[in-house]
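>
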Amino acid sequence: MEFGSKLWLNGQILDANKVSASLFTYSLHYSTAVFEGIRCFKAKKGLIVFRLKEHVSRLFNSAKEYNLIIPYTETQIIEACKQVVRENGSKDFYIRPLVYYGTGALGLNASGNPVETAIMVWMWPSYLGKEGKDEGVRCTVSSWRKIPNESLPQYAKCTANYANSSLAKRQAIERGYEEAILLNTKGTVAECTGENLFIVENGNLKTPPLSAGILEGITRDSIITIAKKLNIPVAETDITTEELMSADEAFLTGTAAGLKFVSEIDSRKLNVKNAQVYEKLKNFYNRVISGQESDFDEWLDKV
Ligand SMILES: Cc1ncc(COP(=O)(O)O)c(C=O)c1O
0 MEFGSKLWLN GQILDANKVS ASLFTYSLHY STAVFEGIRC FKAKKGLIVF RLKEHVSRLF
60 NSAKEYNLII PYTETQIIEA CKQVVRENGS KDFYIRPLVY YGTGALGLNA SGNPVETAIM
120 VWMWPSYLGK EGKDEGVRCT VSSWRKIPNE SLPQYAKCTA NYANSSLAKR QAIERGYEEA
180 ILLNTKGTVA ECTGENLFIV ENGNLKTPPL SAGILEGITR DSIITIAKKL NIPVAETDIT
240 TEELMSADEA FLTGTAAGLK FVSEIDSRKL NVKNAQVYEK LKNFYNRVIS GQESDFDEWL
300 DKV
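The sequence shown begins at 0 in numbering that gives the first Met the number 0 and counts up one residue at a time.
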């Protein structure tokens, strides 16, 4: 993995290899860090960051949930993200802001620990599947259930949620699949380990609602908006395992993965050649991120 050599830490640009964190870091012990995953793309008007404002706004909302008071404004963090990209040579990076409790006092009362804010970048060309190919992602329905909102707010992008994702991912790999689909404790579909999920039934698009215990994905929101623009009926509604297993098409959305067709769900195989709705959405999404759809220019922030 190619990590950026410069990072931003508490307002300063530093050499990444000269920065280290203490083993007494509070959030390392008690999983109370919040983070974002943001992408740069090469677009018509140069290098852009996709929906940067929305990502930074979600970071602040996640932080609020854990009483992590970020001592910067959203505008300052937006500028800092772009600065880190520039400092690392302006490539199509994945950007990772991370806010965590640093070293102070251990114990479950987090207050009194300093709040640290870091922004890092790295190259992450293809998260699921092979670079430049759309062969589809082979998924399995996990036996691990998604942590319910009543136990941990899944709409906050907190590191604690990812222990659940990590268990499900490991199980999927051990079963010979690439990605896990998690059901929630009610038994309906929630999402994957790092992506939201959509299905298509008779030309209608469906995706689980926030109450299913999902992250409110920004790619998910982009696809819902694009579907409405293309007059594709879209509903945020609970999806049963029966609906999942009989869907005409299924696909994943996420910043790291992009849009990825689901080619297998356990023993069920789906053919990308029959995925007309997915193809339509993916083509339009690619036009949006490359700056060819001027109606969506406000989603593109020039570096
Ligand atoms: C659990 C989970 N669900 C969904 C997503 C997709 O969200 P987004 O499209 O904002 O990247 C992510 C990625 O951050 C995730 O980690």
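Quick reminder that beta carbons are idealized off the backbone N, C-alpha and C, glycines included.
It should be emphasised that the depicted structure is a prediction, and the values quoted were computed from it without experimental measurement.
For Phe-260, report the span of its beta strand (DSSP E) as first-last.
Here the beta strand (DSSP E) through Phe-260 covers 257 to 264.
> If we ignore side chains and look at the alpha-carbon of each, how far apart do Glu-53 and Ile-217 end up?
Rounded to the nearest angstrom, the two C-alpha atoms are 7 Å apart.
> Are the beta-carbon atoms of Asn-60 and Lys-5 separated by less than 8 Å?
Taking 8 Å as the Cβ cut-off, Asn-60 and Lys-5 do not qualify as a contacting pair.
> Tell me the rounded alpha-carbon separation between Tyr-277 and Ser-125.
Cα to Cα, Tyr-277 sits roughly 19 Å from Ser-125.
> Report the rounded CA-to-CA distance for Glu-194 versus Thr-72, giving the unit in angstroms.
Whole-angstrom Cα-Cα distance: 28 Å.
> Does DSSP put Trp-7 in a helix, a strand or coil?
The answer is strand: DSSP assigns Trp-7 an E or B state.
> In this structure, how does DSSP classify Ala-117 when only helix, strand and coil are distinguished?
The answer is strand: DSSP assigns Ala-117 an E or B state.
> For the pair the stretch 178 to 189 and the stretch 155 to 170, tell me if three or more CB-CB distances fall below 8 Å.
Yes, since at least three Cβ pairs between the stretch 178 to 189 and the stretch 155 to 170 fall closer than 8 Å, the two stretches touch.
> Check whether the stretch 267 to 277 touches the stretch 20 to 37, counting contact only when three or more Cβ pairs, one atom from each stretch, lie closer than 8 Å.
No contact exists between the stretch 267 to 277 and the stretch 20 to 37.
> Do you know how far the Cα of Asp-247 is from the Cα of Glu-241?
One C-alpha to the other measures close to 12 Å.
> In whole angstroms, give me the CA-to-CA distance for Lys-44 and Leu-299.
C-alpha separation (whole angstroms): 9 Å.
> When DSSP labels each residue in this structure, what does Asp-237 get in the three-state scheme?
In the structure shown, Asp-237 sits in coil (DSSP, three-state: anything other than H, G, I, E or B).
> So, is Ile-238 buried or exposed, given that buried needs 16 or more other C-beta atoms within 10 angstroms?
So Ile-238 counts as buried.
> In three-state DSSP terms, what is Asn-60?
It is helical.
> Please classify Ala-249: does DSSP put it in a helix, a strand, or coil?
Reduced to three states, the DSSP call for Ala-249 is strand.
> Taking 7 Å as the cut-off, does the CB of Ile-217 come closer than this to any heavy atom belonging to ligand 1?
Yes, the beta carbon of Ile-217 sits closer than 7 Å to at least one heavy atom of ligand 1.
> Hey, Leu-196 and Pro-208: beta-carbon distance below 8 Å or not?
The answer is no: Cβ separation not under 8 Å.
> Could you pull out every residue in the same chain whose Cβ sits closer than 7 Å to the Cβ of Ala-62, ignoring the five residues on either side in sequence?
These residues qualify, in order along the chain: Val-33, Ile-69, Val-98.
> Determine the DSSP secondary structure at Asp-300, reduced to helix, strand or coil.
Reduced to three states, the DSSP call for Asp-300 is strand.
> Ligand 1 heavy atoms versus the CB of Glu-177: any closer than 7 Å?
Every heavy atom of ligand 1 is 7 Å or more from the Cβ of Glu-177, so no.
> Can you give the Cα-Cα distance for Ser-19 and Ala-117, rounded to whole angstroms?
If I take the Cα positions, the gap works out to 12 Å.
> Need the endpoints of the beta strand (DSSP E) that Ala-189 sits in, please.
Segment 188 to 191, the beta strand (DSSP E) holding Ala-189.
> Identify the residues that DSSP records as bridge partners of Gly-45: which are they?
Beta-bridge pairing links Gly-45 to Ala-42.
> For Leu-27, does the three-state DSSP call read helix, strand or coil?
Of the three classes helix, strand and coil, the one that applies to Leu-27 here is helix, per DSSP.
> What is the DSSP secondary structure of Phe-92, counted as helix, strand or coil?
In the structure shown, Phe-92 sits in coil (DSSP, three-state: anything other than H, G, I, E or B).
> Could you spell out the range, first to last residue, of the beta strand (DSSP E) harbouring Lys-205?
203 to 206 is the extent of the beta strand (DSSP E) around Lys-205.
> Taking only three categories from DSSP, how would you classify Val-84?
DSSP places Val-84 in helix when its eight states are reduced to three.
> Locate the alpha helix (DSSP H) running through Val-199, then write down its first and last residues.
Premise fails: Val-199 lies in the beta strand (DSSP E), 195 to 200, not in any alpha helix (DSSP H).
> Relative to the C-alpha of Val-136, which residue among Ala-42, Asp-91, Glu-263 is closest?
Ranking Ala-42, Asp-91, Glu-263 by Cα distance to Val-136 puts Glu-263 first.
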